[in-house]
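**Q** Please see the structure below; I have some questions.
Protein chains: 2
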Amino acid sequence: MKKQYLLTPGPTPIPPEVALKEALPILHHRTNEFAAIYKDVAESLKYVFQTKNEVFLLAGSGTGAMEMAVTNILSPGDEVIVAGCGNFGDRWIKIAETYGVKVISASAPWGNVVKPAEIEKALKANPNIKAVYTTSTETSTGVVNDIKAIGEIVAKTNAVLVVDTISGLAGQEFKMDEWKVDVTVSGSQKGLMLAPGLAFISLSEKAWKLTETSKIPKFYFDIKKYKKSYATNETPFTPPVTLIVALQESLRLIKERGIENVWNDCKLLAKAARAGMQALGLELFGEVPCEVVTSAKVPEEIGGKIVKTLREKYGVSIAGGQADLKGKIIRFAHMGYIGKADLLVGFACLEMVLVELGMKIEKGKAVAAAEEALLNG
Amino acid sequence: MKKQYLLTPGPTPIPPEVALKEALPILHHRTNEFAAIYKDVAESLKYVFQTKNEVFLLAGSGTGAMEMAVTNILSPGDEVIVAGCGNFGDRWIKIAETYGVKVISASAPWGNVVKPAEIEKALKANPNIKAVYTTSTETSTGVVNDIKAIGEIVAKTNAVLVVDTISGLAGQEFKMDEWKVDVTVSGSQKGLMLAPGLAFISLSEKAWKLTETSKIPKFYFDIKKYKKSYATNETPFTPPVTLIVALQESLRLIKERGIENVWNDCKLLAKAARAGMQALGLELFGEVPCEVVTSAKVPEEIGGKIVKTLREKYGVSIAGGQADLKGKIIRFAHMGYIGKADLLVGFACLEMVLVELGMKIEKGKAVAAAEEALLNG
Numbered sequence: 082m083k084k085q086y087l088l089t090p091g092p093t094p095i096p097p098e099v100a101l102k103e104a105l106p107i108l109h110h111r112t113n114e115f116a117a118i119y120k121d122v123a124e125s126l127k128y129v130f131q132t133k134n135e136v137f138l139l140a141g142s143g144t145g146a147m148e149m150a151v152t153n154i155l156s157p158g159d160e161v162i163v164a165g166c167g168n169f170g171d172r173w174i175k176i177a178e179t180y181g182v183k184v185i186s187a188s189a190p191w192g193n194v195v196k197p198a199e200i201e202k203a204l205k206a207n208p209n210i211k212a213v214y215t216t217s218t219e220t221s222t223g224v225v226n227d228i229k230a231i232g233e234i235v236a237k238t239n240a241v242l243v244v245d246t247i248s249g250l251a252g253q254e255f256k257m258d259e260w261k262v263d264v265t266v267s268g269s270q271k272g273l274m275l276a277p278g279l280a281f282i283s284l285s286e287k288a289w290k291l292t293e294t295s296k297i298p299k300f301y302f303d304i305k306k307y308k309k310s311y312a313t314n315e316t317p318f319t320p321p322v323t324l325i326v327a328l329q330e331s332l333r334l335i336k337e338r339g340i341e342n343v344w345n346d347c348k349l350l351a352k353a354a355r356a357g358m359q360a361l362g363l364e365l366f367g368e369v370p371c372e373v374v375t376s377a378k379v380p381e382e383i384g385g386k387i388v389k390t391l392r393e394k395y396g397v398s399i400a401g402g403q404a405d406l407k408g409k410i411i412r413f414a415h416m417g418y419i420g421k422a423d424l425l426v427g428f429a430c431l432e433m434v435l436v437e438l439g440m441k442i443e444k445g446k447a448v449a450a451a452e453e454a455l456l457n458g
Numbered sequence: 082m083k084k085q086y087l088l089t090p091g092p093t094p095i096p097p098e099v100a101l102k103e104a105l106p107i108l109h110h111r112t113n114e115f116a117a118i119y120k121d122v123a124e125s126l127k128y129v130f131q132t133k134n135e136v137f138l139l140a141g142s143g144t145g146a147m148e149m150a151v152t153n154i155l156s157p158g159d160e161v162i163v164a165g166c167g168n169f170g171d172r173w174i175k176i177a178e179t180y181g182v183k184v185i186s187a188s189a190p191w192g193n194v195v196k197p198a199e200i201e202k203a204l205k206a207n208p209n210i211k212a213v214y215t216t217s218t219e220t221s222t223g224v225v226n227d228i229k230a231i232g233e234i235v236a237k238t239n240a241v242l243v244v245d246t247i248s249g250l251a252g253q254e255f256k257m258d259e260w261k262v263d264v265t266v267s268g269s270q271k272g273l274m275l276a277p278g279l280a281f282i283s284l285s286e287k288a289w290k291l292t293e294t295s296k297i298p299k300f301y302f303d304i305k306k307y308k309k310s311y312a313t314n315e316t317p318f319t320p321p322v323t324l325i326v327a328l329q330e331s332l333r334l335i336k337e338r339g340i341e342n343v344w345n346d347c348k349l350l351a352k353a354a355r356a357g358m359q360a361l362g363l364e365l366f367g368e369v370p371c372e373v374v375t376s377a378k379v380p381e382e383i384g385g386k387i388v389k390t391l392r393e394k395y396g397v398s399i400a401g402g403q404a405d406l407k408g409k410i411i412r413f414a415h416m417g418y419i420g421k422a423d424l425l426v427g428f429a430c431l432e433m434v435l436v437e438l439g440m441k442i443e444k445g446k447a448v449a450a451a452e453e454a455l456l457n458g
């Protein structure tokens, strides 16, 4: 028996009242009872996405929704801009190139944020650009891009703006309509406090027009099938019923709390996480830190051991770095069902692990700094 | 409060010990703990598929795995045979044609079964055929195809045999290797007694060779990504963790019971279901009835009302007909966690509903006939 504390940026912990819904006797998906749940969920998702557009659900990982956002609006030979700044931004390039789409890069190095001016320049230099692909919060590095500024730029052109909000939705402020985002994709296992297995996609009218000319073949990910079924509160293929029933509960919790409060709570936790890292003498990583995950540099000689020791000795799961950042950074998530006390648990155990790994730090200092930030808002 | 009895061919009921696993605190998927579960599940799936090949898991509906079985082994312009006999057989045609594959039909009318001789003839007439697509149990009509006979025929050619076992796996006898099946696809929400959201695919060596020449673009459904991750007990994209944890439990139950016993239990339930239908004077539907679902014709004037009344009045969910069969047949599922007593509940309530809808039947007769079959084996 080892008690587990999950501070990873997906999956994130699931509230017990949500988890228990997954265990209820399963419903059949072609019934009025399920249709009512589906309808409620679809309406609540609009609130979380801050959009008037329909939000479609599908069985799949978030990457499935990313693929939909490529294959449904483009044709082979089309030109797009990818403005990424980490592992998940790079995924847009891989998907687009898989389907014969020409990618023009406006990406920033890992750790930096996307520069809206670079996108503007690339759009001017390439008047045929069909879409700009970017990421809201880039989990691999812990930064957040200025989607609002990018939206202003893209909205003035014929291109559509596609944003991956998989790791930040219901955590980092995001307003699809107000920020002029045309396609939003997301997943269930982060701010929505649910198990993975459900993905989401929403399209603006401008993006729907592109679906009319798109020539990339698709079947399971064909968004028109989802739109058609949506009209009768259904999905084209058997949906993950238990996850959707649980989603209704997590969305109820989010609505009850209010999406602005959800954003503000994450903001406060992020402040505390940054204070805690700095109190340990760890340099924050990332040009503009996001509010759902905090990254800090760690000494390379112990970098690989911190995550492993925390998990094995204290049951605390955090994330390390990916690809080139492996062993160089640690990442603490603070969104969804991760609360103030969880963050303090994380820092207390991190302190013990750093001491054990031979780092000269003052015990209690990170916890104190985090408490200070939490108390003073 | 209305007690629910699920006798539908997917989703099927979930055993409470499996359902509760879905509600456990979520694990992170990049840990030794999850890798051990994944490895165990992958091994158990080989037993259920009756294969030595690797079985891959993905987040998606069964249709996602069907799409994988097309896009990973074919190229646009390739010729295939589709030998279907219902709604799900037709889906192979739709997927293949979406990707520019030329389909030669060896299909049978809905209600009939696929004729192996027709496949043999089509293979001889079209020597360039790359693959033969068919269905094990066709849920929409309730028949089962002779996969073993088809396997013998296809194995003698260069073509591979692709079988959809979504509705019958762990219910209807199926032996991937012995029956010379090259690609098997399946889903979680039928005989595996789990919620929907997980799909499965397994390839023979002969099928793997085709993946080397396949030119249809794919990203999320790219089986090579799954094979690569499988080597380290991982999935390429965030997997539906809670469903996989629950799957470990349902596979444990199946192994404990023994797959032959699972098949035999379904066989007995099917016998009882057929006896019950016939005792009501309802003609069985389907040339060769399968053992996971039983279809019977119903008078058209009440056909549409039976399913609705059963559900609304007694909480008993069965299925009606699809497409042209709408209102003309009813379907009782008997697989997975549906037991003898559940079937009797279904028939008892069906008797009451038929009386209420004005049909002249003798109350208790279907139940008696089903009991007789269950007692005499």
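First to last, the sequence lines map onto chains A and B.
Under the working numbering, the first residue of the first sequence carries the number 82, and numbering increases by one thereafter.
Under the working numbering, the first residue of the second sequence carries the number 82, and numbering increases by one thereafter.
Glycine included, C-beta positions come from ideal geometry on N, C-alpha and C.
Between residue 85 of chain A and the rest of its own chain, which residues show a CB-CB distance below 6 Å, the 5 nearest in sequence each way excluded?
**A** By one-based count along the first sequence, residue 85 of chain A stands at place 4. 396, listed in sequence order.
**Q** Per DSSP, residue 193 of chain B forms a beta bridge with which residues?
**A** Position 112 of the second sequence holds residue 193 of chain B. Answer by DSSP bridge pairing, in chain order: B:191.
**Q** Comparing the C-beta of residue 329 of chain B with each C-beta of chain A, is any distance below 9 Å?
**A** The residue given as residue 329 of chain B occupies position 248 in the second sequence. Judged by the 9 Å Cβ criterion, residue 329 of chain B is not in contact with chain A.
**Q** Nearest to residue 353 of chain A by CA position, among A:385, A:167 and A:416, is which residue?
**A** Numbered from 1 along the first sequence, position 272 holds the residue referred to as residue 353 of chain A. Nearest C-alpha to residue 353 of chain A: A:416.
**Q** From residue 238 of chain A to residue 201 of chain A, what does the alpha carbon distance come to, in whole angstroms?
**A** As a position in the first sequence, residue 238 of chain A is number 157, starting the count at 1. As a position in the first sequence, residue 201 of chain A is number 120, starting the count at 1. Their Cα atoms are separated by approximately 10 Å.
**Q** I want to see whether chain A comes within less than 9 Å of residue 104 of chain B, judged by CB atoms only; does it?
**A** The sequence position of residue 104 of chain B within the second sequence is 23, counting from 1. Yes, because at least one Cβ of chain A sits closer than 9 Å to the Cβ of residue 104 of chain B.
**Q** Is it buried or exposed for residue 364 of chain B, if we count other Cβ within 10 angstroms and need 16 for buried?
**A** The residue given as residue 364 of chain B occupies position 283 in the second sequence. By the neighbour-count rule (16 or more Cβ atoms within 10 Å), residue 364 of chain B is not buried but exposed.
**Q** Tell me whether residue 93 of chain B is buried or exposed, calling it buried when 16 or more other Cβ atoms sit within 10 Å of its Cβ.
**A** Residue numbering aside, residue 93 of chain B sits at position 12 when the second sequence is read from its first letter. So residue 93 of chain B counts as buried.
**Q** Please list the residues of the segment 127-142 of chain A that have a C-beta atom closer than 9 Å to any C-beta atom in chain B, keeping them in chain order.
**A** Of all residues in the segment 127-142 of chain A, 139, 140, 141 and 142 have a Cβ within less than 9 Å of some Cβ in chain B.
**Q** Spatial neighbours of residue 402 of chain A within its chain, please: C-beta separation below 7 Å, excluding the five flanking residues on both sides.
**A** To locate residue 402 of chain A, count along the first sequence from 1; it is residue 321. For residue 402 of chain A, where only same-chain residues beyond five positions count, the Cβ hits under 7 Å are 408, 409 and 410.
**Q** Which residue or residues does DSSP assign as beta-bridge partners of residue 391 of chain A?
**A** Reading the first sequence from its first residue, position 310 is the one you call residue 391 of chain A. For residue 391 of chain A, which the question treats as bridged, DSSP gives no partner whatsoever.
**Q** Quick one: what does DSSP say residue 128 of chain B is sitting in, helix, strand or coil?
**A** Here residue 128 of chain B corresponds to residue number 47 of the second sequence, with the count starting at 1. Reduced to three states, the DSSP call for residue 128 of chain B is helix.
**Q** Counting only Cβ pairs nearer than 8 Å, list the residues of chain B close to residue 181 of chain A.
**A** Translated into positions along the first sequence, residue 181 of chain A becomes position 100. Neighbours of residue 181 of chain A on chain B, chain order: 298.
**Q** Using a Cβ-Cβ distance under 9 Å, would residue 268 of chain B count as near chain A?
**A** What you label residue 268 of chain B is simply residue 187 of the second sequence in a count that begins at 1. True, the Cβ-Cβ gap to chain A drops below 9 Å.
**Q** Below 8 Å between beta carbons is the criterion; list the residues of the segment 390-408 of chain B that meet it against any residue of chain A, in chain order.
**A** Answer in chain order: 392 and 398.
**Q** Along the chain, where does the alpha helix (DSSP H) that runs through residue 281 of chain B open and close?
**A** To locate residue 281 of chain B, count along the second sequence from 1; it is residue 200. Careful: residue 281 of chain B lies outside any alpha helix (DSSP H), inside the beta strand (DSSP E) at 279-284.
**Q** Which whole runs of the alpha helix (DSSP H) in the segment 184-255 of chain B are 4 residues long or more, in chain order?
**A** Correct list: 197-206 and 228-236.
**Q** Using CA coordinates, which residue listed in A:184, A:142, A:166 and A:183 is at the minimum distance from residue 194 of chain A?
**A** On the first sequence, residue 194 of chain A is found 113 positions in, with the first residue counted as 1. The option with the nearest alpha carbon to residue 194 of chain A is A:166.
**Q** Let me know the secondary structure DSSP gives residue 176 of chain A once reduced to three states.
**A** On the first sequence, residue 176 of chain A is found 95 positions in, with the first residue counted as 1. Reduced to three states, the DSSP call for residue 176 of chain A is helix.
**Q** Report back the beta-carbon spacing between residue 89 of chain A and residue 414 of chain A to the nearest angstrom; my notes put them in contact at under 8 Å.
**A** For the purposes of this step, residue 89 of chain A is identified with residue 8 of the first sequence, where counting begins at 1. For the purposes of this step, residue 414 of chain A is identified with residue 333 of the first sequence, where counting begins at 1. Yes, residue 89 of chain A and residue 414 of chain A are in contact; Cβ-Cβ is about 6 Å, under 8 Å.
**Q** Can you tell me the Cβ-Cβ gap for residue 103 of chain A and residue 323 of chain A, rounded? I've got them flagged as a contact below 8 Å.
**A** Walking along the first sequence from the start, residue 103 of chain A turns up at place 22. Walking along the first sequence from the start, residue 323 of chain A turns up at place 242. Sure, about 5 Å apart at Cβ, within 8 Å.
**Q** Whose Cβ in chain A lies nearer than 7 Å to the Cβ of residue 89 of chain B?
**A** Taking the first residue of the second sequence as position 1, residue 89 of chain B is located at position 8. Correct list: 109.
**Q** Does residue 181 of chain B come out as helix, strand or coil in the three-state DSSP assignment?
**A** On the second sequence, position 100 is the one that residue 181 of chain B refers to. Correct three-state label for residue 181 of chain B: coil.
**Q** Could you check what DSSP says for residue 373 of chain B in three-state terms: helix, strand or coil?
**A** Locating residue 373 of chain B in the second sequence gives position 292, where the first residue counts as 1. If DSSP states are grouped into helix, strand and coil, residue 373 of chain B belongs with coil.
**Q** Under 7 Å Cβ to Cβ from residue 168 of chain A, same chain only, skipping five residues before and after it: list those, please.
**A** Here residue 168 of chain A corresponds to residue number 87 of the first sequence, with the count starting at 1. Contacts found: 221, 403 and 404.
**Q** Using a Cβ-Cβ distance under 9 Å, would residue 148 of chain B count as near chain A?
**A** Along the second sequence, one-based indexing puts residue 148 of chain B at 67. Chain A, which has a Cβ nearer than 9 Å to the Cβ of residue 148 of chain B, makes this yes.
**Q** Could you give the distance in angstroms between the alpha-carbon of residue 437 of chain A and the alpha-carbon of residue 449 of chain A?
**A** As a working mapping, residue 437 of chain A is identified with position 356 in the first sequence. As a working mapping, residue 449 of chain A is identified with position 368 in the first sequence. When rounded, the distance between both Cα atoms is 20 Å.
**Q** Can you tell me which of B:226, B:109 and B:145 puts its alpha carbon nearest to the alpha carbon of residue 164 of chain B?
**A** As a position in the second sequence, residue 164 of chain B is number 83, starting the count at 1. Selected option, being the one with the closest Cα: B:226.
**Q** Look up residue 402 of chain A in the DSSP assignment and give the residues it is bridged to.
**A** Stepping through the first sequence from its first residue, residue 402 of chain A is reached at position 321. Residue 402 of chain A is not bridged to any residue.
**Q** Determine the chain B residues that contact residue 324 of chain A at a beta-carbon separation under 7 Å, and present them in chain order.
**A** Working through the first sequence from its first residue, we reach residue 324 of chain A at position 243. Neighbours of residue 324 of chain A on chain B, chain order: 278.
**Q** So, using beta-carbon positions, are residue 170 of chain A and residue 135 of chain A closer together than 9 Å?
**A** As a first step, residue 170 of chain A is located in the first sequence; it is residue number 89 there, counting from the start. As a first step, residue 135 of chain A is located in the first sequence; it is residue number 54 there, counting from the start. Cβ atoms of residue 170 of chain A and residue 135 of chain A: not closer than 9 Å.
**Q** On the CB-based measure, 16 or more other CB atoms within 10 Å of its CB, does residue 390 of chain A come out buried or exposed?
**A** Position 309 of the first sequence, counted from the first residue, corresponds to residue 390 of chain A. With 16 or more other Cβ atoms within 10 Å, it is buried.
**Q** Looking at chain B, which residues of the segment 227-246 of chain A have a Cβ within less than 8 Å of any of its Cβ atoms?
**A** Result list empty, no residue passes.
**Q** For the beta strand (DSSP E) that contains residue 138 of chain A, what are its first and last residues?
**A** For the purposes of this step, residue 138 of chain A is identified with residue 57 of the first sequence, where counting begins at 1. Taken as a continuous stretch (DSSP letters only), the beta strand (DSSP E) holding residue 138 of chain A covers 136-140.
**Q** Note down, in chain order, each residue of its chain lying with its Cβ closer than 6 Å to the Cβ of residue 280 of chain B, except the 5 sequence neighbours on either side.
**A** Locating residue 280 of chain B in the second sequence gives position 199, counting from the first residue. The residues are 139, 141, 143, 145, 146 and 268.
**Q** Residues of chain B with a CB under 8 Å from the CB of residue 94 of chain A: which are they?
**A** As a first step, residue 94 of chain A must be located in the first sequence, where it is residue number 13. Within 8 Å Cβ-Cβ: 106 and 107.
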